[in-house]
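Numbering (the working numbering), first residue to last: -18 to 238.
Structure (structure tokens):
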């Protein structure tokens, strides 16, 4: 609309007028196209998500291997990345460099868990049994996901009445561990900006100028880490040195909002 407002048309036929449309609709955002022509691009890596529920009771050896945090096992363009979650769960990401359509071309029937388990084990046949236990004993649910990213320096011109946050604004691979953190910070700063705004367009512009540089920094880090960790050669040793330096640097500085 010429006033800068937007007409929303819902699936049930209901329409409404909005002064501000917030694109918090994720990687395949429908709102993004209102401000940017950027499209997610495949980053060359696919993951298969598996999990263990009630892990401490059912699989104490897995629980001990992952501990209270995260384990990275990396070699030859592949990885097994385990992460302790809440509620006595561990999620593991089977990670590998593969063509974009690998999920289909691999021939692995991910909807047939026991066959998928056998096929995935073959991909890691020369790995240590303690690591293969992630695949041997995980719950019978395999979720394949190709990873997509937006350009690391994704920006757009301020558009009246439309704003993006989270993956809709700065989709990146998970190798910096910042996706959810940035989304929550985006949401908090946007809420504060529009709550206190006398000029909504200026408030949106100011918000965008804050998120652009920090998202670009995290996206660059994520891309760099992906190339370090999912690689040939000494990926495991490189990752170990990386995490050693990270721990020695101490916790990140608090962010003032």
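Where a beta carbon is used, it is the ideal one built from N, C-alpha and C, also for glycine. Since we're looking at a predicted model, the values are computed, not measured.
- Item | Distance, residue 58 Cα to residue 85 Cα | 19 Å
- Task: Determine the burial state of residue 153: buried for a count of at least 16 other Cβ atoms within 10 Å of its Cβ, exposed for fewer.
- Result: buried
- Message: I'd like the list of long-range same chain contacts for residue 120, defined as Cβ closer than 8 Å, with 5 residues on each side in sequence excluded.
- Response: 31, 32, 33 and 34
- Query: Cα separation between residue 78 and residue 55?
  - Reply: 12 Å
- Would the beta-carbon of residue 125 fall within 8 Å of that of residue 27? yes
- Message: So the candidates are 68, 135 and -3; which of them puts its Cα closest to the Cα of residue 13?
- Response: 135
- Item | Touching by the beta-carbon criterion (3+ pairs, under 8 Å), the stretch 103 to 115 and the stretch -16 to -7 | no
- Which one of 3, 24, 90 and 128 has the shortest CA to CA distance from residue 189? 3
- Query: Among residues of its own chain, excluding the 5 on either side of residue -1, which ones have a beta-carbon nearer than 6 Å to its beta-carbon?
  - Reply: -13 and -11
- Endpoints, beta strand (DSSP E) assigned at residue -5: It is not in any beta strand (DSSP E) - residue -5 carries neither H nor E in the DSSP assignment.
- Confirm, please, whether the CB-CB distance from residue 21 to residue 130 is below 8 Å. yes
- Who are the Cβ neighbours of residue 92 in its own chain at under 7 Å, not counting the five residues just before and after it? none
- Would you kindly work out how many angstroms separate the C-alpha atoms of residue 53 and residue 45, rounded to a whole number? 14 Å
- Item | Reduced DSSP category for residue 183 - H, G, I as helix; E, B as strand; rest coil | helix
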